[in-house]
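Residue numbers (my numbering): 731 to 1261.
Working notes, beginning with the structure itself.
Rendered as structure tokens:
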């Protein structure tokens, strides 16, 4: 068995702190020792194969002594090898523990030298205690099996990490001794294959212990400089996926929301964060962006952007919301929103939807509708959420959609209602599609059309044709029919520049009479309900 020849391969690395030039000494010394021991082991294997029968190999533990010229030298060699391995472990293991303590993987006191200038005395005591305890267990054959498992697991993890670092092409991974990634991964496969061949239960136990240690260290959230391979691996996967998306034309069937939420200070506008979270649960992407308006030259170096990003991430984490957080310094909100909406993301994964809060002042209403028009011209669907701080989102059990049938707003509204209703917060919510008609004759025909639409797109919901009361405005009719809705979704038509003041006034009249309202303007570039 060649394995014992390489059990000391990590001794040089363990003693790197005592070497003059570890970068040169460790590779040279390790390779030289492996080559030297390989020659001896292969020669011994050949000699035993020629001179010892299979029965003697199985039944005689000291078969080499019988075929050696000086048999007693075999006994001395075993003692010497055992002693050298023990001395190597005595030198290496405490220093490894000390290095782990310096990196805060082990308790800090383990690194204490107790007055010595060079020797990690506490680590020596710890390793001695562990070694003596294992020796006192008595069954060294069982101990050897366990130790073999841990050795192979360590080598497997090292090979796996090296192979993955090389595979993902991490620029910071620059080993002086380069080998192909496939060789490292083959080494990892060989280690774990050998473990399974030796004993499956111990293999699973060692892997479970390694995973437990990983979880324990992960929960400690240590800040280190050496990092790990996972970020590079995820970056490589993301890069590959984005390049594939860039090459492949997006299909309507695969549409999903990629939303920018202009959330401002998230602590004050948590309802926007919640809406973004509900939309993202449709297996989409949501990005929460704070725009800080002011003099960009003065604010650029103030640290406000980094502080805003940190605060937003903390707020999202506190609410358990999954999404991206960013902060931008802009000269004004409208111009900044347009810039971010156009430039955010990467090609193939650009945002297709913009969500913002309903403007509070009348002057801002008109500016907001101008922004809606420009964003729609840029092929962005726009959602404006008017939140009722008193009713909030009610029991989150009923969503009303007001259907006009004159644009594709209805398709997007149905899609959004369906996505929201799938979130656990709205689990079991009833979707109701309503349309205003003139008389009873139109009512039956309209309801039949709406039912067919829902059946064709496989969205569960109720339909209702609403006949306005005599003298009631459209806003009053909608408000009366949706008085008990927890969320009302209403479409916005594309405003002409000259029509913006009137449209802003009419919209304000409507939303003031309702609870929480989601105003929707579709980009009209997708047949979202195509089946």
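Every residue gets a Cβ at the ideal spot worked out from N, C-alpha and C, and that includes glycine.
What you are looking at is a predicted structure, and each value in this text was computed from that prediction instead of being measured.
Paired residues, beta bridge with residue i - DSSP
i            : result
residue 879  : BP columns for residue 879 are empty, so no partner.
residue 1154 : BP columns for residue 1154 are empty, so no partner.
residue 1020 : 1057
residue 1086 : 992 and 1114
residue 1109 : According to DSSP, residue 1109 bridges with nothing at all.
residue 1249 : 1114 and 1220
residue 805  : Note: residue 805 sits in no beta bridge, so no partner.
residue 1015 : 988
Cβ shell of residue i (< 6 Å), same chain only, five flanking positions each side left out
i            : result
residue 912  : none
residue 1047 : none
residue 1150 : 1008 and 1156
residue 1251 : 1102, 1106, 1112 and 1222
residue 1021 : 1058, 1060, 1063 and 1066
residue 1192 : 1162
Helix, strand or coil at residue i [DSSP, three-state]
i            : result
residue 1238 : helix
residue 1167 : coil
residue 911  : helix
residue 1133 : coil
residue 1076 : coil
residue 1159 : coil
residue 1149 : helix
residue 1189 : coil
residue 1219 : strand
residue 1128 : strand
residue 1049 : coil
residue 754  : helix
residue 1194 : strand
residue 823  : helix
residue 916  : helix
Separation of residue j from residue i, as counted between CA atoms
i            : j            : result
residue 698  : residue 770  : Since the first and last residues shown for the chain are 731 and 1261, residue 698 lies out of range.
residue 732  : residue 897  : Any answer about residue 732 is weak, because its pLDDT of 47 lies below 50 and its placement is not dependable; what the coordinates show is given next. Approximately 28 Å between the Cα atoms of the pair.
residue 989  : residue 1142 : 13 Å
residue 1157 : residue 1027 : 47 Å
residue 759  : residue 1029 : 55 Å
residue 1043 : residue 1067 : 20 Å
residue 1076 : residue 1050 : 26 Å
residue 971  : residue 1053 : 18 Å
residue 1243 : residue 1104 : 28 Å
residue 925  : residue 837  : 30 Å
residue 993  : residue 1017 : 9 Å
residue 865  : residue 810  : 18 Å
residue 1155 : residue 843  : 56 Å
residue 1177 : residue 1171 : 11 Å
residue 1228 : residue 1019 : 31 Å
residue 1180 : residue 1094 : 35 Å
residue 1199 : residue 1120 : 27 Å
residue 776  : residue 764  : 18 Å
Proximity winner among the options, relative to residue i (alpha-carbon distances)
i            : options                   : result
residue 779  : 767, 1000 and 793         : 793
residue 757  : 855, 808, 905 and 787     : 905
residue 963  : 894, 773, 1207 and 772    : 894
residue 1139 : 1105, 1191, 1111 and 923  : 1111
residue 1107 : 1223, 820 and 929         : 1223
residue 986  : 974, 1045 and 1010        : 1010
residue 931  : 1164, 876 and 942         : 876
residue 1055 : 1035, 1061, 1064 and 1065 : 1035
residue 1133 : 1120, 918, 803 and 1221   : 1221
residue 1216 : 1126, 773 and 922         : 1126
residue 938  : 1178, 1226 and 879        : 879
residue 882  : 918, 1253, 873 and 907    : 918
residue 943  : 1092, 884 and 889         : 884
residue 1197 : 1166, 1181, 1120 and 1175 : 1166
residue 1194 : 1205, 1163 and 1152       : 1163
residue 892  : 1131, 784, 960 and 1031   : 960
residue 890  : 1211, 910 and 873         : 910
residue 829  : 1074, 1090 and 848        : 848
8 Å Cβ shell around residue i - same chain, five flanking residues per side excluded
i            : result
residue 1115 : 1001, 1002, 1005, 1085, 1086, 1087, 1088, 1246, 1247, 1248 and 1249
residue 787  : 778 and 793
residue 1231 : 1096
residue 1190 : 1161 and 1184
residue 1061 : 1023, 1024, 1025 and 1026
Beta-carbon contacts of residue i that lie in its chain and below 7 Å, excluding the five residues immediately before and after
i            : result
residue 947  : 835
residue 839  : 852
residue 856  : 827 and 840
residue 929  : 875
residue 920  : none
residue 1100 : 1230
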